[in-house]
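Be aware that the sequence shown starts at 108, since it is given in my numbering, and climbs by one per residue.
Glycine is no exception: its CB is placed at the ideal position from the N, C-alpha and C atoms.
Here is the structure we will look at.
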Amino acid sequence: MLLIVFLYHKLIFKNIHLKKIFFIFLFLTGFISGQAQLLSPEQFLGYKIGERYTPHYKVVDYFKAVAAAVPERVQLQQYGETYEHRPLYIAITSSPQNMTSLEGIRKNNLTLAHMLTEKSNVNNATPIVWLSYNVHGNEPSSTEAAMLSLHAFADAGNTAAQLWLQNTVVIIDPCLNPDGRERYVNWYTGMAGATANPKLFSREHNEPWPGGRVNHYNFDLNRDWAWQTQKESEQRIAKYQQWMPQVHVDFHEQGVDNPYYFAPAAEPYHQAITQWQRDFQLAIGKNNAKYFDAKGWLYFTKEIFDLFYPSYGDTYPLFNGAIGMTYEQGGGPRGGAAALTQEGDTLTLANRAMHHFTTSMSTVETSSRLANKLVQEFTNYFDEATAGKSATYKNYIIKSNAVNGQRIAALEKLLDKNKIIYTNGSGSGTGFNYFSGKQENFTVGNKDIIIPGAQPQAVLLRTLMEPQPRLSDSVTYDITAWALPYAYGLDTYASNSNLTLSSTSYTDTVASIPNNAYGYVIPWEGMGSAKTLAAILQEGIRVRFAEKAFTSNGKNFSAGSLIIIKNGNDKNATFLGTTLEAICYRNGAEIFPVQSGMVDKGLDFGSSAVHYLKAPRVAMLTGSGVNANAAGEIWSFFDTELQYPVTLVNASDFSRLPLSEIDVLIMPDGRYEFLSSEAQAETLKEWISKGGNVVALENAVAELSKQKWSSIKSKDGEKDGDKTDDKKTEDYALLQKYEQRERASLASYTPGAIYRVEADNSHPLMYGYPPFYYTLKMDDKVYNFIDDGWNVGVIKKEKQVAGFVGYELRNKLKDGFVFGVQDLGRGSVTYLTDNIIFRRFWENGKLMLCNAVFMVGK
108 MLLIVFLYHK LIFKNIHLKK IFFIFLFLTG FISGQAQLLS PEQFLGYKIG ERYTPHYKVV
168 DYFKAVAAAV PERVQLQQYG ETYEHRPLYI AITSSPQNMT SLEGIRKNNL TLAHMLTEKS
228 NVNNATPIVW LSYNVHGNEP SSTEAAMLSL HAFADAGNTA AQLWLQNTVV IIDPCLNPDG
288 RERYVNWYTG MAGATANPKL FSREHNEPWP GGRVNHYNFD LNRDWAWQTQ KESEQRIAKY
348 QQWMPQVHVD FHEQGVDNPY YFAPAAEPYH QAITQWQRDF QLAIGKNNAK YFDAKGWLYF
408 TKEIFDLFYP SYGDTYPLFN GAIGMTYEQG GGPRGGAAAL TQEGDTLTLA NRAMHHFTTS
468 MSTVETSSRL ANKLVQEFTN YFDEATAGKS ATYKNYIIKS NAVNGQRIAA LEKLLDKNKI
528 IYTNGSGSGT GFNYFSGKQE NFTVGNKDII IPGAQPQAVL LRTLMEPQPR LSDSVTYDIT
588 AWALPYAYGL DTYASNSNLT LSSTSYTDTV ASIPNNAYGY VIPWEGMGSA KTLAAILQEG
648 IRVRFAEKAF TSNGKNFSAG SLIIIKNGND KNATFLGTTL EAICYRNGAE IFPVQSGMVD
708 KGLDFGSSAV HYLKAPRVAM LTGSGVNANA AGEIWSFFDT ELQYPVTLVN ASDFSRLPLS
768 EIDVLIMPDG RYEFLSSEAQ AETLKEWISK GGNVVALENA VAELSKQKWS SIKSKDGEKD
828 GDKTDDKKTE DYALLQKYEQ RERASLASYT PGAIYRVEAD NSHPLMYGYP PFYYTLKMDD
888 KVYNFIDDGW NVGVIKKEKQ VAGFVGYELR NKLKDGFVFG VQDLGRGSVT YLTDNIIFRR
948 FWENGKLMLC NAVFMVGK
């Protein structure tokens, strides 16, 4: 107390404002008494929510301060960190009574979901509401709202909130994408003046590439829930699975002029979504509407945002037994701190945060009011799942063969991330063959994988595996097909036959690899082989690959197999076998020692058809004009999965690139202005002719097709329907109703459908593949067969295997070029017209990208 008196007199002497003295007094008395005080966001930050953007570290500090002030009401848990090493937290809040038995509530909830075997207690179960804020970094108002929500639930004086917490637990994730948010907040803070400029043409409303929407690797985390290719997603889902909430809300922003959106969602609803989940969305929507009506705020429901694609922040929870919902506030990256709408109103950051805060509280209120029903329906959901009532098929059988072991291993990792049970077993039966599209007989081998339909994650499994999702409405927000057997390239049967499931998994015995062999062969079978090659090259080990299949020591090896001989690898000769074995084991690839360069069948190791593989120097064009998501997929693939160096360069700097230091230039989806310069286009051509290799994807192919030297040209298609010369019929076709304008455009549209591609697997681009490939077609582009190159992947007359394609486009998407290579001088151009590693969950295309980088043109 003497310290306080002393400081008081010192501060008076220095003419410090009395209000500041009062706050210092409160702080010091709280410090001396050992009790932290619960402060509102305004008291803690020194400004009202909405006056400015709050940096992520201050958000974290506020959450820590609240947890320290009221530990009986709030518990803070760190569940991970971002690629840029920012911490990821959740705050768990409930009544003091519930907080004392929090672990029991969590375990009981998992028992209801059949994820723990302990005895459940439905009658005393407490529903869990999970609120996820700011998955898109440049939709930042929800993180500001998260601080308001936390304070409301932590404040003992908030009688309404404390009443709801008597029978609910609320989990708050204040920012799912801190790296993206900080990119946006730092940029905006640097662009804005002392007073926000609401005019949308001012610079503070026009964010530069790549924008804050995405994470460090330019990934859209809102589309990564099921696939978990990014560490933020993987860490968050692991924590989510420890709680399995009954309600999950994902907070977003949309265009400045859009009113607020909340559930119920738009059609199409996936057929696996239950009537109860639909009903609860409506109940939530009505309660939200009550509060918005009272304030006179505009909103809309049942439009735009559907519930079909399974990897969103609303659909993924739905397929995990919860009520999943998206809330969308107007604003987004153009919102700034204040923005003029078309109606002449000024939308402020404070407005946006308050709207999100209101729906946050309303959601918890409704969940509390319907708590008993929430728990009962949640329990029923998983009871039916484990009883097999939610399954379309009893079992899915993944066939193992000599070349798909690495693909199966990749699928098993995805199943593990999603807590989907799989095993081995025995038996035979009939089932739907994904590759033939027919009912066929099968027999289960000892290396085959069986995924039972009756299990806690039955609905998620059914959704991820369904051959052809049924659309109730063709106007959908995302892709319409994603079946894992196509995405992973795995021969699979969906069957209702009874099979015997094993409690143990099949394991191979692996022999030790000697160091004194003549050489070693690594089959080229999948990403395990590609990652092994990347590591070998970076170790400085010399490696070759076989252009044709061969047999050595009675073992058959396909084209593309890697050959490492002891001679020429003098630095690693003593422990070459041990080194290679360790690399292969780490990456899940097989390795076989050989004692001679003479093979049993095929061409010997000294043949001209066995090529030395020099480590390529790879660069990728990024920056303005390039699709940030597409570039991010490739960047993160090289950086975190393949672990091979790629140099990122801005496309606008092409004229200054030292092309002599680049062997492979990747051009992701985008529009490339430098190609419109005759001089720069000629520079690119000359570099290719001298030995450079270009790998172009999606619209980059269309951009290159405009060049005179390119052999690829767009294919014009005919519309479906009867051909007629009757001009009057054509005229009548133009008479369309205005209200049908959105649907009329669907005739020439595909949001993402799966097509079977006939593949030439004798070409290096298709090493490691069977004579077919399943591609995800995202646009209406198809090209003529090329006559001075290699048509490596083509679509013939078959219609799509799965997904929606408009009737006008359907006839165009046939007899066309999809993947191929044009030789140009000593170099080459690889044309990949589709996104072969779409969102990095399209596993089967990754090896093709590696082939294009490492094998083509060698």
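So Asn-205 packs on Thr-233, CB below 8 angstroms; how close in whole Å? Here residue 205 is taken as the residue at index 98 of the sequence shown, counted from 1. Here residue 233 is taken as the residue at index 126 of the sequence shown, counted from 1. Indeed, because the Cβ distance is near 6 angstroms, the residues count as touching under 8 angstroms.
Just to confirm my understanding: we take Pro-574, look at its own chain, exclude 5 residues before and 5 after, and list those with CB closer than 7 angstroms. What are they? Numbered from its first residue, the sequence shown carries residue 574 at position 467. Cβ neighbours of Pro-574 beyond the five flanking positions: Phe-539, Tyr-541, Ala-590, Ala-601 and Ala-909.
For the alpha helix (DSSP H) containing Ala-174, name the first residue and the last one. Here residue 174 is taken as the residue at index 67 of the sequence shown, counted from 1. Start and end: 163 to 176.
In the DSSP output, which residue or residues are listed as bridge partners for Val-292? Position 185 of the sequence shown, counted from the first residue, corresponds to residue 292. Bridge pairing for Val-292: absent [DSSP].
Taking 8 angstroms as the cut-off, decide whether the C-beta atoms of Gln-182 and Leu-209 are in contact. To locate residue 182, count along the sequence shown from 1; it is residue 75. To locate residue 209, count along the sequence shown from 1; it is residue 102. Closer than 8 angstroms, so yes.
Quick one, which of Gly-596, Lys-673, Pro-440 and Lys-226 has its alpha-carbon nearest Trp-949's? As a first step, residue 949 must be located in the sequence shown, where it is residue number 842. Cα-wise, what sits closest to Trp-949 is Gly-596.
Per DSSP, which residues does Gln-361 bridge with? Please list them. Taking the first residue of the sequence shown as 1, we reach residue 361 at position 254. DSSP, once it has assigned bridges, lists Gly-437 as partnering Gln-361.
Nearest to Lys-397 by CA position, among Ile-411, Met-468 and Ala-333, is which residue? The count along the sequence shown starts at 1 and reaches residue 397 at position 290. The shortest Cα separation from Lys-397 among Ile-411, Met-468 and Ala-333 belongs to Met-468.
Do you know offhand how far Gly-392's Cα is from Tyr-367's? Translated into the one-based positions of the sequence shown, residue 392 becomes position 285. Translated into the one-based positions of the sequence shown, residue 367 becomes position 260. Cα-Cα distance, rounded: 12 angstroms.
What are the boundary residues of the alpha helix (DSSP H) that includes His-258? Here residue 258 refers to the residue found at position 151 when the sequence shown is read from its first residue. 248 to 261 is the span of the alpha helix (DSSP H), which, as asked, contains His-258.
Check whether the region 305 to 325 touches the region 400 to 407, counting contact only when three or more Cβ pairs, one atom from each stretch, lie closer than 8 angstroms. Cβ pair count under 8 angstroms is below three, so no.
Taking the C-alpha atoms as reference points, what is the distance between Lys-214 and Gly-244? The residue given as residue 214 occupies position 107 in the sequence shown. The residue given as residue 244 occupies position 137 in the sequence shown. Going by the C-alpha atoms only, they are around 33 angstroms apart.
Cutting at 6 angstroms between CB atoms, please list the residues of its own chain near Phe-945, excluding the five before and the five after it. Residue numbering aside, residue 945 sits at position 838 when the sequence shown is read from its first letter. Around Phe-945: Leu-883.
Rounded separation between Ser-935 and Ser-796 - CA only: By one-based count along the sequence shown, residue 935 stands at place 828. By one-based count along the sequence shown, residue 796 stands at place 689. Looking at the backbone, the Cα of Ser-935 and that of Ser-796 are separated by about 8 angstroms.
For Ala-174 versus Gln-144, is the C-beta distance shorter than 8 angstroms? In the sequence shown, residue 174 corresponds to position 67, counting from 1. In the sequence shown, residue 144 corresponds to position 37, counting from 1. Not a contact, by the Cβ cut-off of 8 angstroms.
Would Met-727 pass as a contact of Val-753 if the rule is Cβ separation under 8 angstroms? Here residue 727 is taken as the residue at index 620 of the sequence shown, counted from 1. Here residue 753 is taken as the residue at index 646 of the sequence shown, counted from 1. Their beta carbons are under 8 angstroms apart, which means Met-727 touches Val-753 by this criterion.
Asp-707 and Ser-659 look like a contact to me (Cβ under 8 angstroms); what is the Cβ gap, rounded to whole Å? Indexing the sequence shown from 1 puts residue 707 at position 600. Indexing the sequence shown from 1 puts residue 659 at position 552. The pair is a contact, with the Cβ atoms about 6 angstroms apart (cut-off 8 angstroms).
From what residue to what residue does the alpha helix (DSSP H) around Pro-592 run? As a first step, residue 592 must be located in the sequence shown, where it is residue number 485. 591 to 595 is the extent of the alpha helix (DSSP H) around Pro-592.
Is the beta carbon of Ile-505 less than 8 angstroms from the beta carbon of Ile-515? Position 398 of the sequence shown holds residue 505. Position 408 of the sequence shown holds residue 515. Their beta carbons are under 8 angstroms apart, which means Ile-505 touches Ile-515 by this criterion.
Are Gly-443 and Tyr-295 close, meaning C-beta to C-beta below 8 angstroms? Indexing the sequence shown from 1 puts residue 443 at position 336. Indexing the sequence shown from 1 puts residue 295 at position 188. Contact flag set, yes.
Express the C-alpha separation of Cys-691 and Tyr-751 in angstroms, rounding to a whole number. Position 644 of the sequence shown holds residue 751. Position 584 of the sequence shown holds residue 691. Each residue's alpha carbon lies about 16 angstroms from the other.
Between which two residues does the alpha helix (DSSP H) holding Arg-946 run? Taking the sequence shown and counting its residues from 1, the one referred to as residue 946 is at position 839. Where Arg-946 is concerned, there is no enclosing alpha helix (DSSP H), because DSSP gives it neither an H nor an E.
Taking DSSP as the reference, what is the three-state secondary structure of Glu-974? The structure shown does not extend to residue 974, since the chain is modelled only from 108 through 965, so no value can be given for it.
Neighbourhood of Leu-956 by C-beta, 7 angstroms cutoff - its chain only, sequence neighbours within 5 removed: Residue mapping note: residue 956 aligns to position 849 of the sequence shown, counting from 1. Excluding residues within five positions, the ones whose Cβ falls inside 7 angstroms are Ile-943 and Ile-944.
What would DSSP say about His-221, mapped onto helix, strand or coil? Numbered from 1 along the sequence shown, position 114 holds the residue referred to as residue 221. Reduced to three states, the DSSP call for His-221 is coil.
For Val-510, the nearest candidate out of Phe-369, Pro-878 and Gln-449 (CA to CA): Looking up residue 510 in the sequence shown gives position 403. Among Phe-369, Pro-878 and Gln-449, the Cα nearest to that of Val-510 belongs to Pro-878.
At a cut of 8 angstroms, does the region 429 to 448 reach the region 354 to 370 through at least three beta carbon pairs? Yes, since at least three Cβ pairs between the region 429 to 448 and the region 354 to 370 fall closer than 8 angstroms, the two stretches touch.
Let's see if you can read the secondary structure: which residues bound the alpha helix (DSSP H) around Ser-239? Here residue 239 corresponds to residue number 132 of the sequence shown, with the count starting at 1. Where Ser-239 is concerned, there is no enclosing alpha helix (DSSP H), although the beta strand (DSSP E) it sits in stretches over 235 to 240.
Note down the Cα distance separating Ser-227 from Asn-216, rounded to an integer number of angstroms. Taking the first residue of the sequence shown as 1, we reach residue 227 at position 120. Taking the first residue of the sequence shown as 1, we reach residue 216 at position 109. Their backbone Cα atoms lie some 8 angstroms apart in a straight line.
Are Gly-968 and Ile-558 close, meaning C-beta to C-beta below 8 angstroms? The structure shown does not extend to residue 968, since the chain is modelled only from 108 to 965, so the question has no answer here.
In angstroms with no decimal places, state the Cα-to-Cα distance between Lys-835 and Gln-384. Here residue 835 is taken as the residue at index 728 of the sequence shown, counted from 1. Here residue 384 is taken as the residue at index 277 of the sequence shown, counted from 1. Reliability of the predicted coordinates at Lys-835 is poor, the pLDDT of 49 falling under 50, and the value obtained from them is presented with this limitation in mind. Their backbone Cα atoms lie some 49 angstroms apart in a straight line.
For Asp-887 and Leu-916, believed in contact at Cβ under 8 angstroms, the rounded distance: For this step, residue 916 is matched to residue 809 along the sequence shown. For this step, residue 887 is matched to residue 780 along the sequence shown. With a beta-carbon spacing of about 5 angstroms, Leu-916 and Asp-887 fall inside the 8 angstroms limit used to define contacts.
Classify Ser-248 as buried or exposed, calling it buried when 16 or more other Cβ atoms lie within 10 Å of its own Cβ. Within the sequence shown, numbered from 1, the residue matching residue 248 stands at position 141. Under a 10 Å Cβ-count criterion, Ser-248 is classified as buried, with 16 or more other Cβ atoms of the shown protein chains found around its own Cβ.
Leaving aside the five residues before and after Pro-281 along the sequence, list all residues of the same chain whose C-beta is less than 6 angstroms from its C-beta, in chain order. Counting from one through the sequence shown, the residue named residue 281 turns up at place 174. Only Val-166, Tyr-240, Thr-250 and Ala-253 meet the Cβ criterion.
Below 8 angstroms between beta carbons: does that hold for Tyr-584 and Phe-745? One-based indexing of the sequence shown puts residue 584 at position 477. One-based indexing of the sequence shown puts residue 745 at position 638. Contact flag unset, no.
Pair within 8 angstroms by beta-carbon distance, Gly-777 and Tyr-324: In the sequence shown, counting from the first residue as 1, residue 777 sits at position 670. In the sequence shown, counting from the first residue as 1, residue 324 sits at position 217. In this structure, Tyr-324 does not lie closer than 8 angstroms to Gly-777 by Cβ.
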